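In this note's numbering, the protein residues as written are 587 to 636. Remarks on the structure that follows.
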């Protein structure tokens, strides 16, 4: 099936799905980066207090 712009609907749907997946992965990476920084700081503070 072809939409009014001539783009294949299947390709359009796959593109939307990939964009959504990309957003989710970027968000996950950001959360992991923040968690890593938090635990690195906690470890540094723990070692500093010894």
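In this text, a Cβ means the ideal position worked out from N, Cα and C, and glycines have one as well. As the structure is a computational prediction, the values presented were derived from the model and not from experiment.
Q | Residue span of the alpha helix (DSSP H) that contains residue 594, given as start and end | A | Careful: residue 594 lies outside any alpha helix (DSSP H) and carries neither H nor E.
Q. How many angstroms separate the CA atom of residue 594 from the CA atom of residue 633?
A. 58 Å
Q: Could you check what DSSP says for residue 635 in three-state terms: helix, strand or coil?
A: coil
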